[in-house]
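Novice: Sharing a structure below in structure tokens format, with a few things to ask.
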Amino acid sequence: MDPHPEFARNTGRFIAFRVLFSARFYYPVFAILFLDYGLSLEQFALLNALWAAAIVLLEVPSGALADRWGRKRMVQLAGLLMVAEMAVLLVVPLGNAWIVFAAFAVNRVLSGAAEACASGADEALAYDSLKAAGREAEWPAVLRRLMRWQSAAFTLAMLAGAAVYDPGLWNRLWEWAGWEGGWTKAQTLRLPVWMTLGTALAACAVAARMAEPPGAAASTAPVREVWGQILEAGRWILGQPLVLAVLAVALLHDSFIRLILTLQSEYLRAIGYPEASLGLISAGLAGLGLVVAPLAAVMDRRPGLAWKLGLAAVAATAGLAGMALSGSLAGLAWVPVLHLVFGLVAYILSQTLNARVDSAHRATVLSFKGLAFNIAYGVLGLAYGAGARLLPEDAPFTASLHWLPWAFAALMAATALWAGLRSRGRFS
Numbered sequence: 000m001d002p003h004p005e006f007a008r009n010t011g012r013f014i015a016f017r018v019l020f021s022a023r024f025y026y027p028v029f030a031i032l033f034l035d036y037g038l039s040l041e042q043f044a045l046l047n048a049l050w051a052a053a054i055v056l057l058e059v060p061s062g063a064l065a066d067r068w069g070r071k072r073m074v075q076l077a078g079l080l081m082v083a084e085m086a087v088l089l090v091v092p093l094g095n096a097w098i099v100f101a102a103f104a105v106n107r108v109l110s111g112a113a114e115a116c117a118s119g120a121d122e123a124l125a126y127d128s129l130k131a132a133g134r135e136a137e138w139p140a141v142l143r144r145l146m147r148w149q150s151a152a153f154t155l156a157m158l159a160g161a162a163v164y165d166p167g168l169w170n171r172l173w174e175w176a177g178w179e180g181g182w183t184k185a186q187t188l189r190l191p192v193w194m195t196l197g198t199a200l201a202a203c204a205v206a207a208r209m210a211e212p213p214g215a216a217a218s219t220a221p222v223r224e225v226w227g228q229i230l231e232a233g234r235w236i237l238g239q240p241l242v243l244a245v246l247a248v249a250l251l252h253d254s255f256i257r258l259i260l261t262l263q264s265e266y267l268r269a270i271g272y273p274e275a276s277l278g279l280i281s282a283g284l285a286g287l288g289l290v291v292a293p294l295a296a297v298m299d300r301r302p303g304l305a306w307k308l309g310l311a312a313v314a315a316t317a318g319l320a321g322m323a324l325s326g327s328l329a330g331l332a333w334v335p336v337l338h339l340v341f342g343l344v345a346y347i348l349s350q351t352l353n354a355r356v357d358s359a360h361r362a363t364v365l366s367f368k369g370l371a372f373n374i375a376y377g378v379l380g381l382a383y384g385a386g387a388r389l390l391p392e393d394a395p396f397t398a399s400l401h402w403l404p405w406a407f408a409a410l411m412a413a414t415a416l417w418a419g420l421r422s423r424g425r426f427s
């Protein structure tokens, strides 16, 4: 019988919280939602920059606070911030562009703060709960379960969110039932937000049932000690060659693949897929987590990191090149490759970090990872934007992607060379 039944249940609660927190019903209509509220494309871009800035500024401090003052508290705070960010969008009146923009600015800051609070804290709480029970070897299985549940949840969110946002669908359903239609965009505008508010409240309920494992009790240390913890965790990362190398490789995968997947809908439209098909394609791609989990289990049967990361790099290069060079419908075949690599690299990184970092710094180190990934993604996004502006106005969209596989391959080769030399002691 498990001697610590309460905190041992944290792994299931971690999966439930992560699924409820991340699978949001407005994702399939994310950009459209902003514009339908009355915002411009320029305001949309500015708000996303504000969101990223909030995450970057709060990512590592929130991880250190989780290690110092309690992971459960930070997870609970993340849930409450998610409720607040949804509430802002539900109460803001339409019609005044500046009021709407101000409300969305508050929403983006709250969203970034929620992401920062959850990042690292929930994972650290779950892993240390297993470790306290002597079951840390089960962590890969927990990650695979998370992949399956997240995949199913994202598929549901993509389909349901897009469906409830469409007034035409509501009118057809009403007419089929023999009722008078008359649904308008004004009536369906906030439905995905209402549904996400429901999952936010459920996430809060799950967070409230989490329990701090032994040795992770909250501290009343002053703020200056929190900053000392941040510096200590940073020094630890720099002093771990293997961790630093895996972080660098994973960072390259994350930034390049995340950039091109962010452009996924525009890419599919550019190579000839009708807009009506994009929701179904996105839902199908969201379901790939059901494939990643068993694939990760197969890869775990053979030990070693180098071959796994090398295989991921080759597949990512092929996927990036396939998408960049294809101007036909066949380009879709490369998109699932990048989705699979994205999930596998995240799985490998979580295993590597959690197995090597000590419990006292776990959330801080995981937050460092999130900070580095977001900065790299932002820098790559700026480089992509600068490159796109140099193209002729009549250039096809795929032309803006041509340099990505070459840049990825070159940076990955340089990282592999650096890691190899350092492992032989040629770098301190």
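The sequence shown begins at 0 in numbering that gives the first Met the number 0 and counts up by one.
Quick reminder that beta carbons are idealized off the backbone N, C-alpha and C, glycines included.
So, with DSSP's three-state summary, where would you put Trp405?
Specialist: If DSSP states are grouped into helix, strand and coil, Trp405 belongs with the helices.
Novice: Rounded to whole angstroms, how far is the Cβ of Pro404 from the Cβ of Leu319, which I believe are closer than 8 Å?
Specialist: Confirmed, about 4 Å.
Novice: Hey, Arg70 and Gly288: beta-carbon distance below 8 Å or not?
Specialist: no
Novice: My understanding is that Met157 touches Ala7, with C-beta atoms under 8 Å, so please give their C-beta distance in whole angstroms.
Specialist: With a Cβ gap of about 33 Å, Met157 and Ala7 do not count as contacting.
Novice: Any idea if Glu58 is buried or exposed, counting beta-carbon neighbours within 10 angstroms, 16 or more meaning buried?
Specialist: buried
Novice: Compute the minimum distance between the beta carbon of Met411 and the heavy atoms of the ligand NAD, and state whether it is under 7 Å.
Specialist: The model depicted lacks the ligand NAD and carries no ligand whatsoever.
Novice: Who are the near neighbours of Gly424 in its chain, counting only those whose CB is closer than 6 Å to its CB and skipping five residues on each side?
Specialist: With a pLDDT of 45 at Gly424, under the threshold of 50, the modelled position of this residue cannot be trusted; read the value that follows with caution. None.
Novice: Please state the DSSP three-state secondary structure of Asn106.
Specialist: helix
Novice: Identify, in the order they occur along the chain, each residue of the same chain with its Cβ nearer than 6 Å to the Cβ of Asp253, setting aside the five sequence neighbours on each side.
Specialist: Phe372
Novice: DSSP on Glu179, reduced to helix/strand/coil?
Specialist: Reduced to three states, the DSSP call for Glu179 is coil.
Novice: The alpha helix (DSSP H) with Leu142 in it runs from where to where?
Specialist: Trp138 to Tyr164
Novice: On the DSSP letters alone, give me the boundaries of the alpha helix (DSSP H) that Gly342 sits inside.
Specialist: Val334 to Arg355
Novice: Here's the rule: buried if 16 or more other CB atoms are within 10 angstroms of the residue's CB, otherwise exposed. What is Lys307?
Specialist: buried
Novice: Between the segment 108 to 125 and the segment 244 to 252, can you find at least three pairs of beta-carbon atoms closer than 8 Å?
Specialist: no
Novice: Of all the CB atoms in chain E, is at least one closer than 8 Å to the CB of Leu258?
Specialist: Given the protein chain composition of this structure (a single chain), no chain E is represented.
Novice: Looking at the secondary structure, which residues open and close the alpha helix (DSSP H) in which His360 lies?
Specialist: No alpha helix (DSSP H) holds His360; DSSP gives it neither H nor E.
Novice: In chain order, what residues of the same chain lie with their CB nearer than 7 Å to the CB of Leu200, ignoring the 5 residues before and after it?
Specialist: Val82
Novice: Alpha carbon to alpha carbon, how far is Leu196 from Ala161? Give it in angstroms, no decimals.
Specialist: Distance from the CA atom of Ala161 to the CA atom of Leu196, rounded to whole angstroms, is 16 Å.
Novice: On the criterion of 16 or more Cβ atoms from any shown chain inside 10 Å, does Leu324 qualify as buried, or is it exposed?
Specialist: exposed
Novice: Please look up how many angstroms separate the CB atoms of Ile14 and Arg144, rounded, as I've assumed it's under 8 Å.
Specialist: 6 Å
Novice: If the criterion is Cβ atoms closer than 8 Å, does the pair Arg17 and Asp121 meet it?
Specialist: Their beta carbons are under 8 Å apart, which means Arg17 touches Asp121 by this criterion.
Novice: Give a yes or no on whether the C-beta atoms belonging to Leu124 and Met194 are separated by under 8 Å.
Specialist: no
Novice: Which same chain residues end up closer than 6 Å to Tyr376 when comparing Cβ atoms and leaving out the 5 residues on each side of it in sequence?
Specialist: Ser254 and Arg257
Novice: Can you find the residues in the same chain that come closer than 8 Å, C-beta to C-beta, to Arg189, ignoring five residues on each side of it along the sequence?
Specialist: Leu88 and Leu89
Novice: Short of 8 Å in beta carbon distance, which residues of its chain neighbour Ile236, apart from the five on each side in sequence? Order them along the chain.
Specialist: Beyond the five residues adjoining it in sequence on each side, Ile236 comes within less than 8 Å, by CB distance, of Val242, Leu243, Leu246, Val364 and Phe367 in the same chain, given in chain order.
Novice: Looking at Leu331: is its Cβ nearer than 8 Å to the Cβ of Leu267?
Specialist: yes
Novice: Does the segment 95 to 105 come into contact with the segment 31 to 50, if we say contact requires no fewer than three beta-carbon pairs (one atom in each stretch) closer than 8 Å?
Specialist: yes
Novice: Just how far apart, CA to CA, sit Arg361 and Asn170?
Specialist: 51 Å
Novice: Among Ala413, Pro212 and Ala296, which has the Cα closest to the Cα of Ala140?
Specialist: Ala296
Novice: For Ala152, which residues in the same chain have their Cβ closer than 7 Å to its Cβ, ignoring the five residues on either side in sequence?
Specialist: Val18 and Ala22
Novice: Taking the alpha carbon of Ala52 as the point to measure from, which residue in Glu114, Ala86 and Ala30 has its own alpha carbon closest?
Specialist: Ala52 has its Cα closest to that of Glu114, out of Glu114, Ala86 and Ala30.
Novice: Please state whether the Cβ-Cβ distance between Leu284 and Val334 is less than 8 Å.
Specialist: yes
Novice: Within the segment 39 to 75, note down every full alpha helix (DSSP H) run reaching 4 residues or more, in order along the chain.
Specialist: 40 to 68
Novice: Is Leu339 closer than 8 Å to Val291 when the C-beta atoms are compared?
Specialist: Cβ distance < 8 Å, so Val291 and Leu339 count as in contact.
Novice: Of all the options Val313, Gly326 and Ser264, which has the alpha carbon lying nearest to the alpha carbon of Val28?
Specialist: Ser264
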